[in-house]
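Below: the structure, in structure tokens.
2 protein chains.
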Amino acid sequence: MLLATAHADPALGALVLLAAIWLAAKAGGELATRLKLPTVVGELGAGMAMAACHRAWQWFPDAAGDPSADLFAAVGVVLLMFSVGLESTVPQMLKVGLPALRVAVAGVIMPVLLGLGAAFLLIPGGVSLPVALFIGACLCATSVGISARVLSERNAGSSQEGRVILGAAVIDDVLGLLVLVLVSGMALADQAGGGTPWRAVGRTLALAVGFLGLALSLGRLATPHLFRMANRLRVEELLLPLTLAFGFLLAWVGGHAGLAPIVGAYAAGLILEPTHVEFLEEREQKSLEALIHPLVTALAPIFFVVMGARVDPRNLLDTSILALALSLTLLGALGKYLAGFVAGKGFDPHLIGWGMMPRGEVGLIFVATGAQLGILSGPIQSAVVAAMMLTTVMGPIGLSWRLNQVPNRPPA
Amino acid sequence: MLLATAHADPALGALVLLAAIWLAAKAGGELATRLKLPTVVGELGAGMAMAACHRAWQWFPDAAGDPSADLFAAVGVVLLMFSVGLESTVPQMLKVGLPALRVAVAGVIMPVLLGLGAAFLLIPGGVSLPVALFIGACLCATSVGISARVLSERNAGSSQEGRVILGAAVIDDVLGLLVLVLVSGMALADQAGGGTPWRAVGRTLALAVGFLGLALSLGRLATPHLFRMANRLRVEELLLPLTLAFGFLLAWVGGHAGLAPIVGAYAAGLILEPTHVEFLEEREQKSLEALIHPLVTALAPIFFVVMGARVDPRNLLDTSILALALSLTLLGALGKYLAGFVAGKGFDPHLIGWGMMPRGEVGLIFVATGAQLGILSGPIQSAVVAAMMLTTVMGPIGLSWRLNQVPNRPPA
Chain P
100 MLLATAHADP
110 ALGALVLLAA
120 IWLAAKAGGE
130 LATRLKLPTV
140 VGELGAGMAM
150 AACHRAWQWF
160 PDAAGDPSAD
170 LFAAVGVVLL
180 MFSVGLESTV
190 PQMLKVGLPA
200 LRVAVAGVIM
210 PVLLGLGAAF
220 LLIPGGVSLP
230 VALFIGACLC
240 ATSVGISARV
250 LSERNAGSSQ
260 EGRVILGAAV
270 IDDVLGLLVL
280 VLVSGMALAD
290 QAGGGTPWRA
300 VGRTLALAVG
310 FLGLALSLGR
320 LATPHLFRMA
330 NRLRVEELLL
340 PLTLAFGFLL
350 AWVGGHAGLA
360 PIVGAYAAGL
370 ILEPTHVEFL
380 EEREQKSLEA
390 LIHPLVTALA
400 PIFFVVMGAR
410 VDPRNLLDTS
420 ILALALSLTL
430 LGALGKYLAG
440 FVAGKGFDPH
450 LIGWGMMPRG
460 EVGLIFVATG
470 AQLGILSGPI
480 QSAVVAAMML
490 TTVMGPIGLS
500 WRLNQVPNRP
510 PA
Chain H
100 MLLATAHADP
110 ALGALVLLAA
120 IWLAAKAGGE
130 LATRLKLPTV
140 VGELGAGMAM
150 AACHRAWQWF
160 PDAAGDPSAD
170 LFAAVGVVLL
180 MFSVGLESTV
190 PQMLKVGLPA
200 LRVAVAGVIM
210 PVLLGLGAAF
220 LLIPGGVSLP
230 VALFIGACLC
240 ATSVGISARV
250 LSERNAGSSQ
260 EGRVILGAAV
270 IDDVLGLLVL
280 VLVSGMALAD
290 QAGGGTPWRA
300 VGRTLALAVG
310 FLGLALSLGR
320 LATPHLFRMA
330 NRLRVEELLL
340 PLTLAFGFLL
350 AWVGGHAGLA
360 PIVGAYAAGL
370 ILEPTHVEFL
380 EEREQKSLEA
390 LIHPLVTALA
400 PIFFVVMGAR
410 VDPRNLLDTS
420 ILALALSLTL
430 LGALGKYLAG
440 FVAGKGFDPH
450 LIGWGMMPRG
460 EVGLIFVATG
470 AQLGILSGPI
480 QSAVVAAMML
490 TTVMGPIGLS
500 WRLNQVPNRP
510 PA
């Protein structure tokens, strides 16, 4: 026993898990590349394969339920969204503000209504209005990480459609938060007999919008001064740790304002403009992009593999669940796809529609909240999760396909 | 409550902790730079300051006891040792094999004997031989991460002394492992009345030496083929994830062979030679060094801040503990310093002596084992940990000072 514990290190399991995730991600990416699918679909598939291996052999590293993998995945997607945010600036995003707002509002209302209808029609035994509404609400939040990855791989993150997708996804996160508070409040009120929690909704809105407003206005004014002060320091290798600390702090504050941390990280990326760090870049003889990119390359795939590993296809063996899942998938996809058409003249609606399609962490949080409050039964949870995952796989495939058809979209 | 949990994310705490560690590391690094001390000393101090802040204000991020910080620290030091290993190759290390072996053996025997003597003379009430031996053994294992960082910052990792330090530290880890098994077996036998566990010692030696032997021989033959096969893949951005997976897998196997994971990671770096990856470097238009370096810049400081945060200077308020700690520090430092003189002609003994001085994770594992087996009392544990930490701070200061005196040492 002494031998085994001599250098026992709790991080040992994490080392092999990370190595397995990297190898699986590249194997999945290779398969996807050969099938002409986006890399991220291969990574999601690699996660599903890893989870299946872990179910078959207990000793196989568990990508779905390991806290270290979760942590690296969370940090990976924060880094990804920060680096995507760095590709745009606040004024560039404001130019697409109105189209993005229209896409976001339509992309929340339509999936909720369609999902609500499907829940009423398809769930055996029927459901109450708040439960049906909750199911629809699970389909409303876009998971922008996946589209951001595809856009960034195809150098389309700063195209006008890319910016509408990213901007709409940020607004979408605020709207999704409101819908969650409203709908879960209604469902609780339905069970307990209280009223709709308008005050809570108002407070949530104020907090989320307040954070984004302050970050994008005051934050933008303060950032150049902060980095100019940093330039007076003598210690070496400042650029990367300082920008990372900046991005992670805003992700954390955003999380406390009720938003997804990735929205805060994206806002941090928008605020930080190339001119703020050019002194430091010159001094260290390295561009911020060259420093951040390897971190994203190493950590972002962990997020996608872990997301894939959480999908359990065995849930779909029940035909009534499968029917509900497929209907929710189609309606959820259709709702977001149609939202692309309200962007306005000059935008490619298909590109935006496909880009808005993937659901992910935020939707999973909806499902977890619904489960916790006793609103969603186990089988319904499976169907909703399956629908979110299917839209998540369809999204990048459609987005890549459309990017092939309309390459080189103009910047906003 | 719903509001607070709406997007509740377990990684939120990790985000602010990482941001705080990065900012503290750079503040500490700045102070150290202005005091003409090595950056790593500033980072250790930043960790101590963070721990003090956490003790004063509960809300302040806890760098000493947080599992996420531990995980990132462990991954950071594995990355650091892997990248330091990449600077040398197996044939270059074999050239310094004999001097490194001499330094390692002397550097284990001398601190053990000196520490044993101090324990006998200074501990009030006296201790048994196995306990005194155990205290001495805690001082035997060099923590090479810190010296590796200083050597690498000063471009001295591939100097002849740099290679002796790194090689001796690897052998040291094998010897330390044996000493731990032997001494804890003797202490247990002393308590229970059994014999010295020679069979366990033999098995441990075979496992550790077998791993290193196989990795450096077979591993070195297989690696070029593995990376040539990888070059046939079509997926992009292969170089970084594949090399990371390679380094992490060897760190994991090394950990299971009873060695510290950083020894496995260092071996992986030695095995991997520039020619193995030059196809991939050309294809991706990026050098492996340019890809790994930002990861090390971001993650290695986390290790040093966490190490610093674990030092609690309040332990030294008791004068008898302080006297024991200072004696163990001086004797522990002296033992390693003298080891530098057995390297042989042409080597700078002072450089090697200072480089071998820091103790760290491995010594902490000794203390934890001693505590678990009931061999070391609480106050003795504090004194030993304090001594290890003081040598850890003295090491890089002395090493930097000596590197200023004898710059540009020849390569081995």
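Just so you know, the sequences run in chain order P and H.
Per this note's numbering, the very first residue in the first sequence carries number 100; after that it's consecutive.
Per this note's numbering, the very first residue in the second sequence carries number 100; after that it's consecutive.
The C-beta atom is built at its ideal place from N, Cα and C for all residues, glycine as well.
These numbers come from a predicted model, not from an experiment.
Item, Value
"Identify every residue that forms a DSSP beta bridge with S258 of chain H.", "H:P510"
"Using the Cα positions of I120 of chain P and W297 of chain P, report the straight-line distance between them to the nearest angstrom.", "44 Å"
"Check the Cβ-Cβ distances between R133 of chain P and every residue of chain H, and say whether any is below 8 Å.", "yes"
"So is F402 of chain P in contact with chain H if we call contact Cβ pairs under 8 Å?", "no"
"Run through chain H and tell me which residues come within less than 7 Å of R333 of chain P, C-beta to C-beta.", "E129, T132, R133"
"Could you compute how far the alpha carbon of T468 of chain H sits from the alpha carbon of L287 of chain H?", "11 Å"
"Against L167 of chain P, what residues of chain H qualify as contacts under a CB-to-CB distance less than 7 Å, listed in chain order?", "Looking at the sequence provided, one finds Ser at residue 167 of chain P rather than Leu. Per Cβ cutoff of 7 Å: L170."
"Please list the terminal residues of the continuous alpha helix (DSSP H) segment that includes A397 of chain H.", "387 to 408"
"Where does M455 of chain H sit, in a helix, a strand or coil, going by DSSP?", "coil"
"Rounded to whole angstroms, what's the CA-CA distance from M487 of chain P to G459 of chain P? Just pull it up for me.", "7 Å"
"Assuming S251 of chain H is part of the alpha helix (DSSP H), what are its boundary residues?", "243 to 252"
"Looking at C-alpha atoms only, which residue of P:E335, P:V176, P:A422, P:K125 is the closest neighbour of I245 of chain P?", "P:V176"
"Anything in chain H within Cβ reach of E336 of chain P, meaning under 7 Å, just list it in chain order.", "T396"
"If you draw a straight line from the alpha carbon of A366 of chain P to that of A240 of chain H, how long is it in whole angstroms?", "46 Å"
"Give me the residue from H:P137, H:V230, H:Q504, H:V189 with the minimum Cα distance to V263 of chain H.", "H:V189"
"Measure how close the beta-carbons of V139 of chain P and R248 of chain P come, nearest whole angstrom, since I'm counting them as under 8 Å.", "5 Å"
"Considering only C-alpha positions, which residue in the set H:M180, H:A124, H:G146 is nearest to L343 of chain H?", "H:M180"
"Compare the C-beta of A389 of chain P against all C-beta atoms of chain H and say whether one is closer than 8 Å.", "yes"
"What three-state label does DSSP hand T428 of chain P in the structure shown?", "helix"
"With contact counted as at least three CB pairs below 8 Å, one residue from each stretch, are the stretch 218 to 229 of chain H and the stretch 148 to 160 of chain H in contact?", "no"
"Under a three-way DSSP split, which group does A467 of chain H fall into?", "helix"
"Considering only the beta carbon of each residue, do L358 of chain H and L178 of chain H sit closer than 8 Å?", "no"
"Is the Cβ of I245 of chain H closer than 8 Å to any Cβ of chain P?", "no"
"Measuring alpha carbon to alpha carbon, tell me which of H:D289, H:V195, H:L311, H:I208 ends up nearest L265 of chain H.", "H:V195"
"Look up V289 of chain H in the DSSP assignment and say whether it is helix, strand or coil.", "According to the sequence as given, residue 289 of chain H is Asp; it is not Val. DSSP places D289 of chain H in helix when its eight states are reduced to three."
"Strictly under 8 Å for the Cβ-Cβ distance: is F61 of chain H near chain P by that measure?", "Since the first residue of chain H shown is 100 and the last is 511, residue 61 of chain H is not available in this structure."
"Comparing the C-beta of A344 of chain P with each C-beta of chain H, is any distance below 8 Å?", "yes"
"Is it a yes or a no for the stretch 161 to 172 of chain P touching the stretch 403 to 423 of chain P, going by three-plus beta-carbon pairs under 8 Å?", "yes"
"Go to G497 of chain P, then tell me how far its alpha helix (DSSP H) extends in each direction, as first and last residue.", "477 to 504"
"Taking the alpha-carbon of F171 of chain H as reference, which of H:L398, H:T322, H:V211 has the nearest alpha-carbon?", "H:L398"
"Note the first and the last residue of the continuous alpha helix (DSSP H) segment covering C237 of chain P.", "228 to 237"
"Given this structure, state the Cα-to-Cα distance separating P41 of chain H from L337 of chain P, to the nearest angstrom.", "Nothing in the structure corresponds to residue 41 of chain H, since chain H is present only between 100 and 511."
"Only counting the same chain, and skipping five residues up and downstream in sequence, which positions put a Cβ closer than 8 Å to that of M100 of chain H?", "In this prediction, M100 of chain H has a pLDDT of 28, which is less than 50 and means its spatial position is unreliable; what the coordinates show is noted afterwards. Excluding sequence neighbours, M100 of chain H sits near nothing in its chain."
"Give, in chain order, every unbroken run of the alpha helix (DSSP H) that is at least 4 residues long and sits entirely within the stretch 283 to 346 of chain H.", "297 to 313, 319 to 329"
"Rounded to whole angstroms, how far is the Cβ of L341 of chain H from the Cβ of K125 of chain P, which I believe are closer than 8 Å?", "7 Å"
"Cβ of G354 of chain P less than 8 Å from any chain H Cβ?", "yes"
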